[in-house]
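Colleague:
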Amino acid sequence: MNISQLQQDILKLKKEKDVCILAHSYQAREICEIADFTGDSYKLSVDATKVGSKTILLCGVRFMAETCKILSPDKTVILSAPSAGCDMADQMDKATVAKIKESCPDYTVVAYVNTTADLKTICDVCVTSSSAVKIVKNIENKNILFIPDCNLGSHVAAMCPEKNIKLLNGGCPIHAGVTADEARAAKALYPDAELLVHPECVPAVCEQADYIGSTSGIIDYAQKSDKKEFIIGTEISIAEHLQYMCPDKKFHVLSLKLICPHMKATTLMDVYNCLNGNGGEEIILDDNTINAARRCIDEMIRLGG
Ligand code: 13P
Ligand code: SF4
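Just add 843 to wherever you are in the sequence shown, counting from 1, and you've got the working numbering.
(1) Check the DSSP bridge columns for residue 900 and list the partner residues they point to.
(2) Taking just the CA atoms, how far does residue 905 sit from residue 1106?
(3) Which residues bound the beta strand (DSSP E) around residue 955?
(4) Give the range of the beta strand (DSSP E) segment to which residue 1012 is assigned.
(5) For residue 999, which residues from the same chain have a beta carbon less than 7 Å from its beta carbon, with the 5 sequence-adjacent residues on both sides left out?
(6) Determine the DSSP secondary structure at residue 895, reduced to helix, strand or coil.
(7) Going by DSSP, what residue range makes up the beta strand (DSSP E) through residue 969?
(8) How would you call residue 858, buried or exposed, if buried means at least 16 neighbouring beta carbons within 10 angstroms?
(9) Flag residue 902 as yes when its Cβ comes closer than 7 Å to any non-hydrogen atom of the ligand ATP, and as no otherwise.
(10) When the Cα of residue 930 is compared with those of 897, 991, 952, which residue comes out closest?
(11) Only counting runs of 4 or more residues, tell me where the alpha helix (DSSP H) segments fall wholly within the region 965–1051, in order along the chain.
(12) Rounded to whole angstroms, how far is the Cβ of residue 1056 from the Cβ of residue 925, which I believe are closer than 8 Å?
(13) With 16 other CB atoms within 10 Å as the buried threshold, where does residue 1012 fall?
(14) Suppose contacts are defined by Cβ-Cβ distances below 8 Å. Is residue 1036 in contact with residue 1078 by that definition?
(15) Would you decide whether residue 994 is buried or exposed? Buried here means 16 or more other CB atoms lie within 10 Å of its CB.
(16) Taking the C-alpha atoms as reference points, what is the distance between residue 1086 and residue 939?
(17) In whole angstroms, what separates the C-alpha of residue 960 from that of residue 1138?
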C-alpha cells in the first residue's frame, strides 16, 4: 500500500459512510489533502456549523473535537487520536477559574478556545488566535479576565490599550519555549527573511516579528507577500505546508523545538482505521455541558463574524 492508494481508499470510505473530515492546519500534508475542511481553530469552528454529514472526524486535538460536538450535538464527532490533548487546555480547570472569578466579579471572562468544554461552561466568550483582538474590542465591558494564555493575552492587551486586561499564568509550552535569543539568531542567519510568529510565542519573540497571526494568518501572509524568504514561528508543519504551497519561496523554521506531539499523533492510517470503526474516540458530552459551553462559542462566532 502507498500513500496515494490509502488516500483513495479514505475518500471512497468517507463518501460511503457519510463522514466529513475536518483537519487543523498543523496536521500532516497527506491528511490535509483528504480533508473536507482545513484551517485554523476559528475557521474549523465555523466550518463545523456547515457540515451536512452525520459524522465528523476531527483530525487535530481534543478541545477542537469538543468544540465541534458543542456546535453539532446531534452529530457523531470522532477525535482521530484519543491521546491528542493540548498542554495549554489541560492547565486550567473549572474550580480554579471559578475561584479567580469570585475575586473579579465585574470582569468579562474571555477563554481562549484552547480550553476544555467543562471550563468553557463558566466563561462568557471564547476567542481564537485569529479572532481575539477583534472580539475583545467588540466586548462592551472594559474589564477582561483573559484565560489561559498570558502570551496571546499580552498580544491582545497591546492591541487593545483601551481595555483593562487581567492575565493568568498559562500558555503553550511549545510556543512559549522559543526564546528571544533564538529569534535574534534566526534573523541574523537569514537577514533577508521576514519573521512570522504565532501569538502563543512570548512577547520578547513577538516584538521581533514582522507579522503576528494565527496558523491560517501566517499561511495567507506568506502566500500573498512579495518577499521570497520567511522564518516561521509556529509548529513546524506550517513551514512544510508553505514550502509545498510556494515552491519558489524559502521557509525556515524558527526553532526545531516547535513540534506539537499532540498534533503529530494522527497518521493517515489512523484516519483510515477511524473510518472503519477501528480507532479514534467518540466525543461524549452531557447536555448541560453542551448548552453552557455553547453560549461562549456562539458569542465568539457572533462577535468575531
Ligand atoms: P490556531 O488558532 O492558529 O489554529 O492555533 C491553534 C493552536 O493550538 C496553536 O498552537
Ligand atoms: Fe496545544 Fe500548544 Fe499543541 Fe497548540 S501547539 S495544540 S496550544 S500544545
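Glycine residues also receive a C-beta, built at the ideal position from the N, C-alpha and C atoms.
Modeller: Quick look at the numbers:
(1) 864, 921
(2) Inter-residue distance for residue 1106 and residue 905 is about 10 Å (C-alpha atoms, whole angstroms).
(3) 951–955
(4) First-last for residue 1012: undefined, no H or E at that position.
(5) 975, 976, 979, 989, 1008
(6) Residue 895 falls in the coil class under three-state DSSP.
(7) 968–970
(8) By the neighbour-count criterion, in which a residue is buried when 16 or more other Cβ atoms sit within 10 angstroms of its Cβ, residue 858 is exposed.
(9) Because the ligand ATP does not appear in the structure shown, any question about it cannot be addressed here, the ligands present being the ligand 13P and the ligand SF4.
(10) If we check each option's Cα against that of residue 930, 991 comes out closest.
(11) 975–981, 993–1002, 1016–1019, 1023–1032, 1046–1049
(12) At roughly 30 Å, the Cβ-Cβ gap does not stay under 8 Å, so residue 1056 and residue 925 are not in contact.
(13) exposed
(14) Between residue 1036 and residue 1078, the gap from beta carbon to beta carbon reaches 8 Å or more.
(15) Flag for residue 994 reads buried.
(16) 42 Å
(17) Looking at the two C-alpha atoms, the distance is approximately 11 Å.
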